[in-house]
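Protein chains in written order, with the working numbering: chain A, 275 to 590; chain B, 9 to 256; chain C, 438 to 545.
All residues carry an ideal CB built from backbone N, CA and C; glycine is no exception.
First comes the structure, then the notes that go with it.
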Ligand SMILES: [Fe+2]
Ligand SMILES: [Fe+2]
Ligand SMILES: [Fe+2]
């Protein structure tokens, strides 16, 4: 017996209003489903591509401790990608297809990962700023309406908590270190500040659909609100270690008590999204190469598994 | 040679082998054949890095683990030649891993009974992790050896290429002899027997053939490495060597 | 509207593979049930077990793991909910609070 779409939609909305999670087999509007697939896969791609700028410094980490931390951190991001692809898979699209969308350039990922990591301080700046900004977004998403996405986010947020700290810790050592190290830290902050501000997405007057997505609890907070919170939290952290934020217009708005930032260069943002960031091509190529070079490995494992089924061989 | 110098050398052999192999595996991070395997390889790399750190810290001699790792040059490194070999393809990495895991397995199983209490205690801990590494790499040697024609060819090539570095696993110098006599070190002849039996059996099960040529490369104990090690260290050590007094 | 739900669906013509999907259940501590924690991809059961260990227990989350290939799980559907679960609503006699016991009687 088919209920009519209007009734289904009302039931769907009332569930969301009551805070009941939507599960994979539940009825959902097609737009909700598509939006979620888009969001979860973009998010997953960002985690995976996001491994590359930091991965760039694993073999050059300056101490055994830093090497272990960075390895564990980048590994976590691989896990995050995996959780998020799995969450997307619950909506009936498989990982092969999702990866193909990434590799063909059809799918997007966070613009921030198209910037290069030029010095060790960039590793500090990424953990501090990029993971810091991401965590703002992710704690909100953990309260979203789609069950598998929200559960993945809860897990991710738990793991993320050390990422932000280790980044700030690196910045502290540099900022309180030698003159050269301090310069390195300031230079990294100068280069990563604006991309981090921008990674939280276009200004609200520039993102369509926000109202409906908020009502469906797919999007939890406006980009500008998250951005404001991120800046409010981060500025004092920079002050504490004596680094200056590269925004001459940044100041506290007496009326609201929040920081007000200078104008954002959205042209740069959209340019990077379009593929013109310094690393777009190399990031994508790295992912495509890893996938291609892995193809024969994946095939071999499947062939072996099939042989074992035929042989009825169960021990390894 | 004094006993404590011999112990120092002995520990460096173990520590360096783990550190260099860890560094190699870390190169895979972000480039694995599938996400799950990327995570698995990183886990092994992290375990080995932990082993190296513990061993270097214990070796000490007035130097920190970081100083020992980042400020010794290629001629002072005592790692096994196998560890420094380039990753190559996934077959090459996994075969190198399997050969090394098997060596580690019997080595640390024996060192659990070392008269040096610290070494014995850390060996107990290491062995648990190594048991898992061996399970992981053994699975892959079987899958690739007995998988597709392509995977078989690739891993057989890897075996042909890497086999001549396996003799080095069992080379010994005066430090080893002193440590063995003192009941601290492992009996490499005994380990060679166990290793050979285990490795042959699994390779055979994986339908792979051990190369007939028995010529073996040597020299790592005297700091004579392959050319690959210099590049690996240049990359690994560049920051601490560029900024000599910096804290990170 | 009818939704087609097929976890293993491969929409690619050229047969690349990310391996089958497995569901992972982990027991966090002795004495409590295994709980679903998520999924992953693996070519065989041993690999699924190892991947689960590497992916889902890196922070001491578990002492025991179950893996099952997702395609072998048969799940009830939301449309079943009415006929499956609502009939239990009025069977109050299955619950101890349904019964009146005289005051002062203990251990019942
Ligand atoms: Fe991230
Ligand atoms: Fe992440
Ligand atoms: Fe992170």
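What span of residues does the beta strand (DSSP E) with residue i cover, start to end?
i                     : result
residue 505 (chain C) : 501-506
residue 331 (chain A) : First-last for residue 331 (chain A): undefined, no H or E at that position.
residue 463 (chain C) : 458-464
From residue i to residue j, what does the alpha carbon distance come to, in whole angstroms?
i                     : j                     : result
residue 530 (chain C) : residue 486 (chain C) : 43 Å
residue 495 (chain C) : residue 534 (chain C) : 44 Å
residue 16 (chain B)  : residue 10 (chain B)  : 10 Å
residue 204 (chain B) : residue 141 (chain B) : 18 Å
residue 150 (chain B) : residue 213 (chain B) : 7 Å
residue 411 (chain A) : residue 398 (chain A) : 20 Å
residue 544 (chain C) : residue 502 (chain C) : 39 Å
residue 509 (chain A) : residue 519 (chain A) : 7 Å
residue 516 (chain A) : residue 443 (chain A) : 14 Å
residue 136 (chain B) : residue 54 (chain B)  : 14 Å
residue 313 (chain A) : residue 545 (chain A) : 20 Å
residue 257 (chain B) : residue 97 (chain B)  : Nothing can be reported for residue 257 (chain B): it is not among the residues displayed for chain B, which extend from 9 to 256.
residue 76 (chain B)  : residue 547 (chain A) : 44 Å
residue 241 (chain B) : residue 27 (chain B)  : 11 Å
residue 429 (chain A) : residue 315 (chain A) : 17 Å
residue 455 (chain A) : residue 391 (chain A) : 16 Å
residue 427 (chain A) : residue 291 (chain A) : 20 Å
residue 311 (chain A) : residue 453 (chain C) : 21 Å
residue 177 (chain B) : residue 70 (chain B)  : 28 Å
residue 159 (chain B) : residue 578 (chain A) : 10 Å
residue 460 (chain A) : residue 541 (chain A) : 24 Å
residue 471 (chain A) : residue 538 (chain A) : 8 Å
residue 583 (chain A) : residue 107 (chain B) : 27 Å
Let's see if you can read the secondary structure: which residues bound the alpha helix (DSSP H) around residue i?
i                     : result
residue 547 (chain A) : Run containing residue 547 (chain A): none; DSSP gives neither H nor E here.
residue 351 (chain A) : 338-363
residue 424 (chain A) : 421-449
residue 32 (chain B)  : 11-34
residue 577 (chain A) : 554-585
residue 508 (chain A) : 497-514
residue 374 (chain A) : 369-377
residue 152 (chain B) : 125-153
residue 286 (chain A) : 279-291
residue 455 (chain A) : 453-473
residue 235 (chain B) : Careful: residue 235 (chain B) lies outside any alpha helix (DSSP H) and carries neither H nor E.
residue 165 (chain B) : 157-170
residue 39 (chain B)  : Here residue 39 (chain B) belongs to no alpha helix (DSSP H), and DSSP marks it neither H nor E.
residue 198 (chain B) : 196-213
residue 47 (chain B)  : 43-67
Assuming residue i contacts residue j (C-beta within less than 8 Å), just tell me the rounded distance between them.
i                     : j                     : result
residue 215 (chain B) : residue 153 (chain B) : 5 Å
residue 488 (chain C) : residue 482 (chain C) : Contact doesn't hold; Cβ gap of about 11 Å is too wide.
residue 463 (chain C) : residue 499 (chain C) : 4 Å
residue 395 (chain A) : residue 462 (chain A) : 4 Å
residue 414 (chain A) : residue 494 (chain A) : 4 Å
residue 237 (chain B) : residue 82 (chain B)  : 5 Å
residue 377 (chain A) : residue 565 (chain A) : 6 Å
residue 231 (chain B) : residue 86 (chain B)  : 7 Å
residue 329 (chain A) : residue 38 (chain B)  : 4 Å
residue 253 (chain B) : residue 452 (chain A) : 7 Å
What does residue i pair with, by DSSP beta-bridge criteria?
i                     : result
residue 475 (chain C) : C:461
residue 533 (chain A) : A:526
residue 296 (chain A) : A:420
For residue i, which residues in the same chain have their Cβ closer than 7 Å to its Cβ, ignoring the five residues on either side in sequence?
i                     : result
residue 95 (chain B)  : 32, 35, 36 and 101
residue 104 (chain B) : 90, 93 and 170
residue 223 (chain B) : 172
residue 497 (chain A) : 474, 475, 476, 477, 478 and 481
residue 19 (chain B)  : 63, 66 and 67
residue 460 (chain C) : 473, 476, 505, 507 and 510
residue 188 (chain B) : 195
residue 538 (chain C) : 545
Please check if any C-beta of chain F sits within less than 9 Å of the C-beta of residue i.
i                     : result
residue 290 (chain A) : The structure shown has no chain F; the protein chains it does contain are A, B and C.
Starting from the C-beta of residue i, find all residues in its chain whose C-beta is less than 6 Å away, skip the five residues before and the five after it, and write them out in chain order.
i                     : result
residue 343 (chain A) : 440
residue 440 (chain C) : Bear in mind that a pLDDT of 39 at residue 440 (chain C), under 50, signals an unreliable position, so the model cannot answer this.
residue 114 (chain B) : 199, 202 and 203
residue 450 (chain C) : Low per-residue confidence applies at residue 450 (chain C): pLDDT is 43, beneath 50, and the placement is therefore not dependable, though the value from the model is reported in the following sentence. The answer is none, since no qualifying residue turns up.
Excluding sequence positions up to five away, which residues of its chain have a Cβ less than 8 Å from the Cβ of residue i?
i                     : result
residue 387 (chain A) : 320, 323, 324, 326, 327, 553 and 557
residue 444 (chain C) : With a pLDDT of only 40 at residue 444 (chain C), under 50, the local geometry of the prediction cannot be trusted, and the value read off the model is given with reservation. If we look at residue 444 (chain C) and ignore the five residues flanking it on each side, its Cβ neighbours are 458, 507 and 508.
residue 192 (chain B) : 15, 18, 122, 123, 124 and 127
residue 364 (chain A) : 298 and 422
residue 467 (chain A) : 403, 519, 520 and 521
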